[in-house]
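Trainee:
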Amino acid sequence: MAFTLRQLQFFVAAAEHGSVSGAAKALAISQSSVTEAIKALEADLGIVLFERRARGIAITNAGHQFLRHARKIRDDVSDARRAFQIETSERSGELRLGVTSLVAGYGLAETLSRFRRTFPSVRISAIEDSGEYLEHLLIGGEIDVAFLLVSNLHNRSAFQVESIAASAMRLWLPLGHPLAAKEAIELDEVAREPLIMLSLEEIEESTNRLMASLGTRPEVAFRTRSVEAVRSLVATGVGLAILPDLIYRPWSLEGDRIEIRDVSGDLPTVQVGMAWRRGAPLSPITRDFVRLAQTSF
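Okay, here's the thing in structure tokens:
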């Protein structure tokens with residue numbers, strides 16, 4: 001029997017929440033409904049999507065690969081419905097978009113792909129730069145909207161902000177690391193470990209503030225602007241990293257496992273969202289882009 005859209009929705013929810021209970025709560029259904037849907041999906045596909053653990057579930061390599069297809073199917077259905085609800089007059093024009101490096105690699109591609117399918121006649125011009133420079137472009141009216149970490153805005157009062165997703169900072173560590181076995185990991189324990197530092201302004205600033213609160217200078221084993229390099233270095237045991245869930249993937253490019261753990265204490269949370277100049281009304285095209293970005297996340 002072919003799988004259903006409902007099963008895909010339940011699977012995606014379980015993958016995104018990391019537990020059957022979390023998915024059930026978000027969907028306002030019973031846990032047994034989620035469990036049965038996932039079992040039926042696994043039987044239909046002939047693969048194991050999740051590893052069952054005492055504390056919940058962990059997505060498998062095959063499950064991670066299928067997750068991308070499941071999201072695309074779900075989004076295609078949503079876009080098909082949306083296309084017939086939008087006035088023809090709103091399907092042409094230009095969107096001038098700004099985006100930071102972090103969001104460009106982890107969230108923008110799917111949003112742009114869906115937007116182009118829904119509005120094929122809209123011209124899109126996009127620029128990637130630092131958050132501070134994008135703020136300058138917004139104030140000058142050179143771009144319509146910026147896709148960035150709104151929690152790091154330098155001049156927040158100048159902008160209208162639409163938060164899309166909150167991403168917690170967590171500890172990345174290699175499979176089998178001693179800290180992975182602990183019930184609670186303290187921040188000062190992390191500070192004694194060599195760290196891999198992601199040198200992107202939005203992330204490095206948050207990590208430095210976090211370590212400064214401990215009154216210690218972390219041992220930086222490697223500093224890089226590449227998220228893929230961070231994954232490989234963490235997975236092979238060169239060091240640990242404190243990074244947001246937004247960019248977490250359970251495997252490096254080489255196929256090595258990366259674990260993720262909570263850390264006790266007040267770790268910062270980054271807010272992904274859209275910003276535009278306060279007092280400047282959004283065009284219908286820009287407003288539709290903002291709405292579509294919300295559903296993509």
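The letter at position 266 of the sequence shown is residue 266 when you use full-length UniProt numbering, and the numbering goes up by one with no holes. The beta-carbon is built from N, C-alpha and C at its ideal position, and this holds for glycine as well.
Starting from Phe222, trace the beta strand (DSSP E) both ways and give me its first and last residue.
Mentor: Element bounds for Phe222: 220-224.
Trainee: Count the CB pairs spanning the region 253-262 and the region 135-153 that are closer than 8 Å, and state whether there are at least three.
Mentor: Output reads no: the region 135-153 does not touch the region 253-262.
Trainee: Output the distance between the C-alpha atoms of residue 330 and Phe11, rounded to the nearest integer angstrom.
Mentor: This structure does not reach residue 330, given that the chain is present from 1 up to 297, and the question cannot be answered.
Trainee: From Glu128 to Thr111, what distance separates their C-alpha atoms?
Mentor: Their backbone Cα atoms lie some 15 Å apart in a straight line.
Trainee: Going by C-alpha to C-alpha distance, which of Ser32, Ala43, Ser226 sits closest to Thr4?
Mentor: The option with the nearest alpha carbon to Thr4 is Ala43.
Trainee: Can you tell me the Cβ-Cβ gap for Met274 and Glu162, rounded? I've got them flagged as a contact below 8 Å.
Mentor: That pair is a contact at about 5 Å.
Trainee: Could you spell out where the beta strand (DSSP E) holding Leu95 opens and where it closes?
Mentor: Counting along the chain, the beta strand (DSSP E) containing Leu95 begins and ends at 93-99.
Trainee: Please classify Ala241: is it buried, with 16 or more other beta-carbons within 10 angstroms of its beta-carbon, or exposed?
Mentor: So Ala241 ends up on the buried side.
Trainee: What residues in its chain sit with their C-beta under 7 Å from that of Pro244, if we drop five residues either side in the sequence?
Mentor: Excluding positions up to five away in sequence, the list reads Ser167, Ala168, Met169, Val270.
Trainee: Do Arg96 and Val145 have their C-beta atoms closer together than 9 Å?
Mentor: Yes, they are a contact pair.
Trainee: Please go through the region 135-163 and give each complete alpha helix (DSSP H) segment of 4 or more residues, from N-terminal end onward.
Mentor: As far as the region 135-163 is concerned, it has no whole alpha helix (DSSP H) run of at least 4 residues.
Trainee: Assuming Arg277 and Phe119 form a contact by the criterion Cβ under 8 Å, report the distance between their Cβ atoms to the nearest whole angstrom.
Mentor: 22 Å between Cβ atoms; not a contact.
Trainee: On the DSSP bridge assignment, give the partners of residue 382 in chain order.
Mentor: Coverage of the chain is limited to positions 1 through 297, which leaves residue 382 absent and any answer about it impossible.
Trainee: Out of curiosity, what's the CA-to-CA distance linking Ser151 and Ser30?
Mentor: Their Cα atoms are separated by approximately 34 Å.
Trainee: Between Ser101 and Ser130, is the Cβ-Cβ spacing less than 9 Å?
Mentor: A contact, by the Cβ cut-off of 9 Å.
Trainee: Ordered along the chain, which non-local residues of its own chain (more than five positions away) have a Cβ less than 7 Å from that of Ala221?
Mentor: Closer than 7 Å at Cβ, skipping near neighbours: Pro194, Leu195, Ile196, Val238, Gly239.
Trainee: How big is the Cα-Cα spacing for Leu171 and Ile247?
Mentor: The straight-line gap from Cα to Cα measures roughly 12 Å.
Trainee: In three-state DSSP terms, what is Pro120?
Mentor: Three-state result, Pro120: coil.
Trainee: How far does the beta strand (DSSP E) with Gly56 in it reach, from first residue to last?
Mentor: Residues 56-59.
Trainee: Is Gln9 near Arg68, with beta carbons less than 9 Å apart?
Mentor: Taking 9 Å as the Cβ cut-off, Gln9 and Arg68 do not qualify as a contacting pair.
Trainee: In three-state terms, what does DSSP make of Thr269?
Mentor: Note: Thr269 maps to strand in three-state DSSP.
Trainee: Which one of Ile164, Gly56, His64 has the shortest CA to CA distance from Leu108?
Mentor: Comparing Cα positions, the closest option is Ile164.
Trainee: Using only the alpha-carbon positions, how far apart do Glu254 and Ala62 sit?
Mentor: The alpha-carbon atoms of Glu254 and Ala62 are separated by roughly 15 Å.
Trainee: Cβ of Ala280 within 9 Å of Cβ of Gly93?
Mentor: Contact: no.
Trainee: Would you kindly report the start and end of the unbroken alpha helix (DSSP H) that includes Arg287?
Mentor: Element bounds for Arg287: 284-296.
Trainee: Kindly indicate which residue of Ala15, Glu219, Arg117, Thr236 has the alpha-carbon position closest to the one of Pro174.
Mentor: Checked all of Ala15, Glu219, Arg117, Thr236; the closest Cα to Pro174 is Thr236.
Trainee: Give the secondary structure of Glu254 by DSSP, where H, G and I count as helix, E and B as strand, and everything else as coil.
Mentor: Glu254: coil per DSSP, three-state reduction.
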